[in-house]
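The sequence shown begins at -19 in our numbering and counts up by one. Glycine included, every Cβ here is placed at the ideal spot set by N, Cα and C. Just so you know, these numbers come straight off a predicted model, no measurement behind them. Reading through the structure tokens given below for one structure.
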Amino acid sequence: MKRRNFIKKASATGLGLVTVSSTFISCDETSEKKEAIVSTAKSIKPLVIATWETTLAVDTAAAVLEKGGSALEAVEQGCRIEEANEKGQSVGKGGLPDRDGDVTLDACIMNEKGDYGAVLGVKNIMHVISVARKVMEDTPHVMLVGDGAEKFAVSKGFEPENLLTAASKKAWEAWKVTAEYKPIINIENHDTIGMLAIDKKGNISGACTTSGLAYKMAGRVGDSPIIGGGLFVDNEIGGASATGLGEEVLKTVGSFLIVELMRQGKSPQEACEMAIGRIVNKPGKDFKNFQVGYIAVNKQGETGAYSIHEWFSYNVYKNKENKHIQSDFFNKA
Ligand code: SD4
């Protein structure tokens, strides 16, 4: 979308955007003049959207925003709730392990400046979302993997601990009886949390954290910690996050695709639907046996979500209300 149209559209939504000359704010490819968009603080209502039924996580993030905290702080604090929730077997402590019985976590975070940090395949550290933030803020890098990420976390004061709970160990032992793995809808007990927030200043940030697919091959990494795959944020346009079979999200660079479609003028809902379309419309794609779900938000605070199958839901905090919503989905057959 052209900058001028975007400004017009934003003004029509009552966000009270103003333009000022600036040299430090980016402009679209065609504009000769550099223009900045500054949101007037009064007009912005904080917003949070997160995958699955993550009510407490969303409430936690919303509380940060209502107190005037940043979107970045909100998504980190929100994701930490799920990482500490041992009952959620796809995130943090209590996550289902890989085939070898090791719980390995992936996470990433992206701020309103377009900075990004991620950790991949980390053992023994529960709050990997916070480690990802440290990678972003305290290193010249964007990704740390495996032992290096764990060492870095420990150097930053994170306490190593065993993440395999008795319940997850029991589930893994039951799985080992047949040791058959194929990605079947919901076998992963999906509850990877992807979260996007807009703070009172109008800034957008996002975060995503997961233990990945249950009983994955050792070393396997999915979409969740990969920029543009499980998460992407562009503070001038919006953000998107993914859950489900990471291989399919990665092959279509799903979250980046959604943000780019919004840049071209699609609503968050239309963009999520088109990104699911990219997956299911590939020739011969047997999408009946796997799930992918997307959430998105744009700069105007409009939200969208879509999945291949039903069994996808999300939470939205808007106008001081936190609602759990069943996503619309593609495969209605
Ligand atoms: C992955 N997308 O590792 C993650 C899995 C997931 O809920 O979303 N689980 O592929």
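Helix, strand or coil at residue i [DSSP, three-state]
i      : result
Ala159 : coil
Met90  : strand
Phe270 : coil
Glu15  : Summary for Glu15: the model assigns pLDDT 44, below 50, so the residue's position carries little reliability; its value from the coordinates is reported in the next sentence. Strand at Glu15.
Lys149 : helix
Lys316 : In the structure displayed, the chain extends from -19 to 313; residue 316 sits before or after that span and is not available.
Gly128 : helix
Ser2   : In this prediction, Ser2 has a pLDDT of 32, which is less than 50 and means its spatial position is unreliable; what the coordinates show is noted afterwards. Looking at Ser2 - three-state DSSP - the assignment turns out to be coil, as it is neither helix nor strand.
Phe236 : helix
Gly202 : coil
Segment limits, beta strand (DSSP E) that includes residue i
i      : result
Ala98  : Tyr96 to Val102
Met106 : Run containing Met106: none; DSSP gives neither H nor E here.
Leu27  : Leu27 to Thr31
Phe212 : Leu211 to Asp214
Ile173 : Ile173 to Ile178
Tyr286 : Thr283 to Ser287
Residue range of the unbroken alpha helix (DSSP H) whose run includes residue i
i      : result
Glu62  : Ala51 to Ala64
Ile259 : Pro248 to Val260
Ala41  : Thr35 to Glu46
Gly226 : Gly226 to Lys231
Counterpart residues of residue i in DSSP-defined beta bridges
i      : result
Met123 : Ala98
Thr190 : Asp86
Met242 : BP columns for Met242 are empty, so no partner.
Ile184 : Ile178
Gly324 : In the structure as shown, the chain starts at -19 and stops at 313, and residue 324 therefore has no counterpart that could be examined.
Gln306 : Ser293
Ile207 : Leu211
Under 8 Å: do the stretch 172 to 191 and the stretch 86 to 96 share three or more Cβ pairs, one atom per stretch? yes
Across the stretch 295 to 310 and the stretch 50 to 62, are there enough close Cβ pairs to call them in contact, namely three or more that are closer than 8 Å? no
Flag this pair as touching only if the stretch 227 to 243 and the stretch 199 to 214 have three or more C-beta atom pairs under 8 Å; answer yes or no. yes
Does the structure place the stretch 289 to 297 close enough to the stretch 256 to 275 that three or more beta carbon pairs sit under 8 Å? yes
On the three-pair Cβ rule with 8 Å, is the stretch 113 to 120 touching the stretch 65 to 74? no
Taking three-plus beta-carbon pairs below 8 Å as touching, is the stretch 30 to 44 in contact with the stretch 147 to 157? no
For the pair the stretch 211 to 223 and the stretch 233 to 248, tell me if three or more CB-CB distances fall below 8 Å. yes
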